[in-house]
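Trainee: Below you will find the structure I want to go over with you.
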Amino acid sequence: MTEASMPAPSAPRQRVSLTAPDARTQKRKAAEARFRMYGVAGIATGIFFLIVLLVSIVGSGTGAFQQTFLNVSVYLDPAKLDKNGNRDPADIRKVSTFGYTPLIQDALLKQVQDNGIETPLEKRGDMKAMISASAAAQVRDVVIDNPDLIGETVDFRILASSRVDGYLKDRVKREDVARDKNIDAEHLDLVDALIPLGVVKKTFNMDFITGADASESRAEAAGIGVSMIGSFFMMLVVLVLALPIGVAASIYLEEFAPKNRITDLIEVNIANLAAVPSIVFGILGLSVFIQFMHLPQSAPLVGGMVLTLMTLPTIIISTRASLKAVPPSIRDAALGVGASKMQSVFHHVLPLAAPGILTGTIIGLAQALGETAPLLLIGMVGFIASNAPDSIASGLLDPNSAMPAQIYEWAKRADPAYYERAWGGIIILLIFLITMNTIAVILRRRFERRW
Amino acid sequence: MSFVKLTTSALAIAAVSATTAAARDQVQVAGSSTVLPYASIVAEAFGENFEFPTPVVESGGSSAGLKRFCQGVGTEHTDIANASRAIREKEIKACAENGVTDIIEVRIGYDGIVFASQIDGPAYTAFTQSDIFNALAPKVMVDGALVDNPYTKWSDFNADLPDAEILAFIPGTKHGTREVFEEKVIAAGCEATGAMEAMVAGGMSEDDAEDACLEVRTDGRSVDIDGDYTETLASIDANSNAIGVFGLAFYENNTDKLKVATMSGVEPTTETIAAGDYPVSRPLFFYIKKAHIGVIPGLKEYAEFFVSDEIAGPDGPLAAYGLVSDPELTSTQEGVSGEQVMGGGS
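If you read the protein sequences in the order shown, they are chains A and R.
Quick note on my numbering: the first sequence kicks off at 616 and runs consecutively.
Quick note on my numbering: the second sequence kicks off at 206 and runs consecutively.
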């Protein structure tokens, strides 16, 4: 400071009370208050959007957990299903689902007429709009498993078509059906008449949680179960590959590797890899695992390997951080009592760092669980209605989808019923992510030691 | 050490997978997102009725599907490419370079392309190809001269159309739909308005004029949609003045949100498309790699099942979903069962 800028010493100072803040203090306090307000406003905005998001997800998605079913008694006509009359499974198999559709339509029509419901829909074909296309396959599977049922009348709980389901869920409105060629107002009248009889019933839909994907003509039959299994197998591969590789790499880099240019370079590259967009790993997976190593397309094994590449940097970084957090005195003490370097690491440092490593791994897994982009390129997004795998090998190698890929696929489809299912899938995915993150938090809280 | 165990088991998994990698027992399909719904309906019914596993059907666009199809022969490559347009010479050549020579072309039926707008939006109920050309071309005919497109509202060039801002969502260039849109709508409009003649008269060669005809304006009134129809639908939902290009089947599933426009006075329905009255329709195809027949179990059965009367016929599930079934289905069936490859050879 120069002389000139200082106040003249001779000027009399204004007397102010110590309790009354002067202008500068007031300004500073106001600035602090403003800053706090910004913070609160920021948090409030965040919470507001979180609530909007959750409300819209829950509001749009809960419909997927309910489904409309029809209770019909189907007469399994031997003349149609077993022409030779010998109940030979091979012959019964020859009757395709197209042979079963008229039986189910007849059954529903009979139910309508037996109950004396007045409706202009008097033909078998008129019932088509009410029944899901999946019903024929459902009945056929039962008949193939139990050929003795042929000739009897069996009660089935079959899916209603997505339009009927939409009507019970207020998605399909009466005023809109005039131009819809899939359903007429008469069908809706019939549905209204069948509800009190218990033929049409909306109940909890377990099939959505356990079932497989369905094609566009039968949105009502689609479920997320099989892709959930796909996700599970991918996570298994990620865990089995990424955890040992990641931990081994971090222990070496942190405890054994000499600090030189090469390790510096590796370190920089790991940090960079963590920021590489995930689609890049998808392209890498396509060219290396599928085109070069000839692994099968659409297999959770390949998906898991691609996600492993993506998760490794996250795991290495978090593992190194938790190894670093173990104080050097622990290592020195171990070495001081004669432990070898490896003993000091595996007996003392690693157990102490384990909670941090696990937390990092779980968060890495949660990240991988929600990843869609790399799966686009290795054939895991599409119509993959495989049945649930029956063994670990088929779980890893048979084509399957993953939960986020399934949601993406549903969101693209034409039938509005899929929109609801996409949101329902998001709810399930979020439940998984929240569970995993909660486990990570609990592990950290319970086992982490602070020095 | 548990890590050692984990690593060994990981290696074991990799080893197992490497040995089984050679065998793939499900059909792998990729390609047009327009064909995807049909292919998935067939794949599902195929899985239900046959002992073979359900085929895997991916989408991504006709061009992308054919590109993957042409990458080579072997289980790591797809067996079937779905396409909403015929394969191009260039693609056949690319295929041949990678050893994919015997290709079986299967036409499954026809699909209509419709122009639809928000249900509560302006009354876009009747278009001609010239209207669409006038709205979307970079250069149009005004008073007998070819000028930069001056129109901002539909009513500027056709008083019968609503007084609303021009905004159209059209399929992006990777879609097969785009090609049909260009050929059957834009090019037709270009000729009908006389713009093409004016271009030739202005010193352009015929070919250049044809190419110039297919261009669309780039001032933001025509928006390319590279995603699926759901993306177009979302854009239409957000812009009450906009019109969008959809497949007939997609429109029929969303009649509560969209209203469709007639083209040259013909309403798009499966009947008018089958009769050839509705002008904007296109054939849908899939292409089979003959070298994979016999290697991939169920490949031929899937193809035959796809074109069988009970699936692709006029009463089958594909027609119910919106496909216009092919009047020449019988010859297609013969072609598939006889494994007739393209180009007349073998």
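Heads up, the beta-carbon is just placed ideally off N, CA and C, and yes, glycines get one too.
1. Starting from the C-beta of residue 852 of chain A, find all residues in its chain whose C-beta is less than 8 Å away, skip the five residues before and the five after it, and write them out in chain order.
2. Thinking C-beta only, is residue 310 of chain R closer than 8 Å to residue 492 of chain R?
3. With 8 Å set as the bound, which would you pick, yes or no: does the beta-carbon of residue 455 of chain R sit closer than that to a beta-carbon of chain A?
4. According to DSSP, is residue 227 of chain R part of a helix, a strand, or is it coil?
5. Hey, which unbroken runs of the beta strand (DSSP E) at 3 residues or more fall wholly within the region 226 to 301 of chain R?
6. Determine the burial state of residue 792 of chain A: buried for a count of at least 16 other Cβ atoms within 10 Å of its Cβ, exposed for fewer.
7. Beta-carbon of residue 519 of chain R versus every beta-carbon of chain A: anything under 8 Å?
8. List the DSSP bridge partners of residue 658 of chain A.
9. Assuming residue 617 of chain R is part of the alpha helix (DSSP H), what are its boundary residues?
10. Would you say residue 1062 of chain A lies against chain R (beta-carbon separation less than 8 Å)?
11. Going by beta-carbon coordinates alone, are residue 289 of chain R and residue 374 of chain R separated by less than 8 Å?
12. Is the region 377 to 389 of chain R close to the region 479 to 489 of chain R, with three or more CB pairs under 8 Å?
13. Quick one: any contact between the region 299 to 306 of chain R and the region 927 to 941 of chain A, if contact means 3 or more CB pairs under 8 Å?
14. Of all the options A:733, A:861, A:833, which has the alpha carbon lying nearest to the alpha carbon of residue 977 of chain A?
15. Using the beta-carbon of each residue, which ones in chain R are nearer than 7 Å to residue 794 of chain A?
16. Out of curiosity, what's the CA-to-CA distance linking residue 1041 of chain A and residue 966 of chain A?
17. At the 8 Å Cβ level, is residue 226 of chain R part of the contact set with chain A, yes or no?
18. If you follow the alpha helix (DSSP H) that residue 807 of chain A is in, where does it begin and where does it stop?
19. Roughly how many angstroms separate the alpha carbons of residue 291 of chain R and residue 385 of chain R, rounded to a whole number?
20. Anything in chain A within Cβ reach of residue 263 of chain R, meaning under 7 Å, just list it in chain order.
21. Does any residue of chain R have a CB that is nearer than 8 Å to the CB of residue 801 of chain A?
22. At what residue ranges does the region 384 to 454 of chain R contain a whole run of the alpha helix (DSSP H), taking only runs of 4 or more?
23. Report the residue from R:521, R:244, R:372, R:233 whose alpha carbon sits nearest the alpha carbon of residue 327 of chain R.
24. Per DSSP, what kind of secondary structure is residue 322 of chain R in: helix, strand or coil?
25. Tell me which same chain residues have a C-beta within less than 7 Å of the C-beta of residue 959 of chain A, skipping the five on either side of it?
26. Chain A partners of residue 246 of chain R, CB-CB under 8 Å?
27. Please list, in chain order, the chain R residues whose beta carbon lies closer than 7 Å to that of residue 969 of chain A.
28. Just to check my reading of the structure: residue 844 of chain A and residue 1003 of chain A have Cβ atoms closer than 8 Å, yes? What is that Cβ distance to the nearest angstrom?
29. Any C-beta of chain R within less than 7 Å: which residues of the region 699 to 716 of chain A qualify?
30. Report yes or no: do three or more beta-carbon pairs, one from the region 893 to 908 of chain A and one from the region 250 to 270 of chain R, lie closer than 8 Å?
31. Is it right to say residue 534 of chain R is buried, meaning 16 or more other beta carbons lie within 10 angstroms of its own, or is it exposed?
32. Put residue 488 of chain R into one of helix, strand or coil per three-state DSSP.
33. Can you give me the start and stop residues for the alpha helix (DSSP H) that residue 785 of chain A sits inside?
34. Can at least three beta-carbon pairs, one atom from the region 759 to 768 of chain A and one from the region 694 to 702 of chain A, be found at a separation below 8 Å?
35. In whole angstroms, what separates the C-alpha of residue 227 of chain R from that of residue 911 of chain A?
36. Do the region 816 to 827 of chain A and the region 673 to 689 of chain A meet, that is, are 3 or more Cβ pairs less than 8 Å apart?
Mentor: On the basis of the coordinates in this document:
1. Cβ neighbours of residue 852 of chain A beyond the five flanking positions: 915, 916, 918, 919, 920, 922, 923, 1011.
2. The answer is yes: Cβ separation under 8 Å.
3. Flagged as an interface residue toward chain A: residue 455 of chain R, by a C-beta distance shorter than 8 Å.
4. For residue 227 of chain R, the pLDDT reaches just 48, beneath the cut-off of 50, and the residue's location in the model is therefore unreliable, leaving the point undetermined.
5. For the region 226 to 301 of chain R, whole beta strand (DSSP E) runs of length 3 or above, ordered along the chain, are 233 to 236, 285 to 288.
6. Buried is the call here.
7. With 8 Å as the cut-off, residue 519 of chain R does not count as an interface residue toward chain A.
8. In the DSSP assignment, no residue is bridged to residue 658 of chain A.
9. Past the edges of chain R, shown from 206 to 551, lies residue 617 of chain R, and the structure says nothing about it.
10. For residue 1062 of chain A, the answer is no, since every Cβ of chain R falls outside 8 Å of its Cβ.
11. In this structure, residue 374 of chain R does not lie closer than 8 Å to residue 289 of chain R by Cβ.
12. Short answer: they touch.
13. Inter-segment contact for the region 299 to 306 of chain R and the region 927 to 941 of chain A is absent: fewer than three beta-carbon pairs are separated by less than 8 Å.
14. The shortest Cα separation from residue 977 of chain A among A:733, A:861, A:833 belongs to A:861.
15. Near residue 794 of chain A (Cβ distances below 7 Å), the residues of chain R are 460.
16. C-alpha separation (whole angstroms): 36 Å.
17. The predicted position of residue 226 of chain R is uncertain, since its pLDDT is 46 and thus under 50; a value taken from the coordinates is nonetheless stated next. By the rule that beta-carbons nearer than 8 Å mark a contact, residue 226 of chain R touches chain A.
18. Residues 800 to 809.
19. The straight-line gap from Cα to Cα measures roughly 11 Å.
20. Within 7 Å Cβ-Cβ: 994, 996, 997.
21. The beta carbon of residue 801 of chain A sits no closer than 8 Å to any beta carbon of chain R.
22. Runs of the alpha helix (DSSP H) spanning 4 or more residues and lying entirely within the region 384 to 454 of chain R occur at 392 to 397, 400 to 406, 411 to 418, 434 to 443, in chain order.
23. Selected option, being the one with the closest Cα: R:372.
24. Looking at residue 322 of chain R - three-state DSSP - the assignment turns out to be strand.
25. Cβ neighbours of residue 959 of chain A within its own chain (closer than 7 Å, five residues either side excluded): 946, 949, 950.
26. Those within 8 Å of residue 246 of chain R in chain A are 830, 831, 832.
27. Going along chain R, no residue has its Cβ under 7 Å from residue 969 of chain A, so there is no contact; the nearest lies around 11 Å.
28. With a Cβ gap of about 6 Å, residue 844 of chain A and residue 1003 of chain A count as contacting.
29. Listed by position, the residues of the region 699 to 716 of chain A near chain R (Cβ gap below 7 Å) are 711, 712, 713.
30. Result no; under three Cβ-Cβ pairs closer than 8 Å.
31. Using a 10 angstroms sphere on the CB of residue 534 of chain R, the tally of other CB atoms reaches 16 or more, which defines it as buried.
32. Strand, per DSSP.
33. Counted as a single uninterrupted DSSP element, the stretch harbouring residue 785 of chain A is not any alpha helix (DSSP H), since DSSP gives it neither H nor E.
34. In short, these stretches touch, since the Cβ pair count reaches three.
35. With a pLDDT of only 48 at residue 227 of chain R, under 50, the local geometry of the prediction cannot be trusted, and no value is derived from it.
36. These segments touch.
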